[in-house]
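Residue numbers (my numbering): 618 to 1071.
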């Protein structure tokens, strides 16, 4: 009997792994189809972005951000002032493909394939996260919300660093979970260091995860371990994480420090080049912003067609240069679910965010607090940038919040369903809704990429 039970458990585990592999293969094929069916530069700034891997592919060297060969004639700058690891990998993919063909579109697809891979990595860790945080009944819904959100699929299909940023956040979140479970064993420390390195080399709007990692690590090692105020443990494991992260990512910032006269982030140098070479309307000194125009941030956020409205829709899915929107009902499927989840979280607020019980730290709730902070930081950064520097109401800039947002959405929906629906009916509801969203993204691919982009 025990042998049969053991075999049954083993078989179920193998079946589960098989389904996961099939799903990840599906994600790769699906994202790759998106990459193959959109014309060049039909996504935001793809030409400016593609100039960088193309330069590396042709010259075998990393470009200076102000190199005239890649500098945009309108903005006076290039994306090479920012971290370009994803573009370096794209150039390597292009080099491999060039052994077989040097066709322009084939090389472009090779460069785009890196974003496809980042999307699949996000899918892999989203599944791992779901097994740790999400009840089994709700896992398919959570996984579909993250990996098959139309905008997520879009970011995984063209040349950008946003897909890498999201992948890095998925690694970081999973390592937070493992670190809290194991009091930061070697696996979690090394994994977190890799996630932080990738995050630092991706996109600045994901840097909130670096701050949150420091907060969680320091707090948990000092106050939540078997031994309180264990500074020795914090320093020992903190140095391990720091050493690996610097080893993997430090080279980029050292390079920037050297070639940009101490500007390790490249931002000040980028602004200087923009002032020198951009057309007059785009020079930082001439750029009209909500702040310079004397408008309030409230006006920017809440006016009709303002930041909140545009960002809300483009977070779910908006294609081309923000001109190809989805149908109202498609948006509603996501908006209503997320809104319902928000209501559920409010009603569960003490249960989710109370840090202690009987003078003991609640690890799950400490994680919830950190996830909430990580979720809102990209939003605040993007709002400030749009208000004070360059108005960009694009959902892709807040995409690093996708995993925490969908986690809280599903958690809140669970609270509501548990209250109103009989337990035996809940799996039907969650699985049917996951299927509806799955069909939705297939329809999006058909309507946008097989129709509008042809």
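Built from N, CA and C at the ideal position, the CB exists for glycine as well.
Taking the straight line between their C-alpha atoms, what separation do you get for residue i and residue j?
i: residue 968; j: residue 927; result: 33 Å
i: residue 832; j: residue 804; result: 19 Å
i: residue 950; j: residue 913; result: 32 Å
i: residue 785; j: residue 819; result: 8 Å
i: residue 937; j: residue 656; result: 10 Å
i: residue 956; j: residue 986; result: 19 Å
i: residue 646; j: residue 738; result: 13 Å
i: residue 924; j: residue 946; result: 21 Å
i: residue 654; j: residue 721; result: 14 Å
i: residue 693; j: residue 909; result: 21 Å
i: residue 989; j: residue 667; result: 34 Å
i: residue 822; j: residue 853; result: 29 Å
i: residue 688; j: residue 907; result: 27 Å
i: residue 861; j: residue 846; result: 24 Å
i: residue 619; j: residue 627; result: Summary for residue 619: the model assigns pLDDT 48, below 50, so the residue's position carries little reliability, and this model does not support an answer.
i: residue 983; j: residue 970; result: 7 Å
i: residue 577; j: residue 753; result: Since the first residue shown for the chain is 618 and the last is 1071, residue 577 is missing from the structure and cannot be characterised.
Can you tell which of the options has its C-alpha closest to the C-alpha of residue i?
i: residue 865; options: 807, 752, 913; result: 807
i: residue 1090; options: 710, 964, 894, 934; result: Because residue 1090 is not part of the residues shown, which for the chain are 618 to 1071, the question remains open.
i: residue 1058; options: 830, 791, 729, 948; result: 948
i: residue 709; options: 696, 669, 740, 862; result: 669
i: residue 882; options: 980, 889, 869; result: 869
i: residue 863; options: 827, 876, 887; result: 827
i: residue 724; options: 714, 1005, 841, 880; result: 714
i: residue 839; options: 858, 943, 800, 867; result: 800
i: residue 973; options: 1065, 841, 776, 775; result: 841
i: residue 745; options: 638, 880, 962, 658; result: 638
i: residue 994; options: 1015, 887, 1005, 1007; result: 1015
i: residue 1002; options: 889, 755, 917; result: 917
i: residue 681; options: 886, 922, 1045, 919; result: 886
i: residue 743; options: 794, 1039, 1007, 1068; result: 794
i: residue 719; options: 741, 755, 674; result: 674
Let me confirm a value: residue i is counted as buried when at least 16 other C-beta atoms fall within 10 Å, else exposed. Which label applies?
i: residue 811; result: buried
i: residue 999; result: buried
i: residue 768; result: buried
i: residue 875; result: exposed
i: residue 981; result: exposed
i: residue 632; result: exposed
i: residue 751; result: buried
i: residue 730; result: buried
i: residue 776; result: buried
i: residue 677; result: exposed
i: residue 817; result: buried
i: residue 661; result: buried
i: residue 727; result: buried
i: residue 1065; result: buried
i: residue 905; result: exposed
i: residue 911; result: exposed
Short of 7 Å in beta carbon distance, which residues of its chain neighbour residue i, apart from the five on each side in sequence? Order them along the chain.
i: residue 758; result: 1027, 1047, 1050, 1051
i: residue 964; result: 1032
i: residue 1063; result: none
i: residue 611; result: Given a span of 618 to 1071 for the chain in the structure shown, any question on residue 611 remains unanswerable.
i: residue 809; result: 789, 792, 796, 830, 858
Between residue i and the rest of its own chain, which residues show a CB-CB distance below 6 Å, the 5 nearest in sequence each way excluded?
i: residue 735; result: 780, 781, 784
i: residue 1011; result: 931
i: residue 796; result: 805
i: residue 895; result: 692, 693
i: residue 621; result: Low confidence applies to residue 621: its pLDDT is 46, below 50, so where it sits in the model is not reliable enough to give any reading.
i: residue 617; result: Given that the chain is displayed from residue 618 to residue 1071, the structure contains no residue 617 and the question cannot be resolved.
i: residue 649; result: 733
i: residue 773; result: 648, 732, 733, 736, 780
By Cβ distance below 8 Å, which residues in the same chain neighbour residue i in space, the five residues on each side in sequence not counted?
i: residue 959; result: 1025, 1026, 1029
i: residue 1055; result: 761, 765
i: residue 872; result: 679
i: residue 992; result: 1018, 1021, 1022, 1025
i: residue 899; result: 691, 692, 693, 891
i: residue 684; result: 672, 695, 697
Between residue i and the ligand SAH, is the CB less than 6 Å from at least one heavy atom?
i: residue 984; result: Absent from the structure shown: the ligand SAH. Ligands present: none.
Every unbroken alpha helix (DSSP H) inside the segment 720-753 [4 residues or more]: 721-750
Can you list the alpha helix (DSSP H) stretches of 4 or more residues lying completely in the segment 857-924, in chain order? 884-894, 914-919
Inside the segment 629-706 only - alpha helix (DSSP H) runs reaching at least 4 residues: 663-676
For the segment 1005-1069, list the beta strand (DSSP E) runs that are entirely contained and at least 3 residues long, ordered along the chain. none
Complete runs of the alpha helix (DSSP H) confined to the segment 740-826 [at least 4 residues]: 756-764, 767-772, 779-799, 803-817
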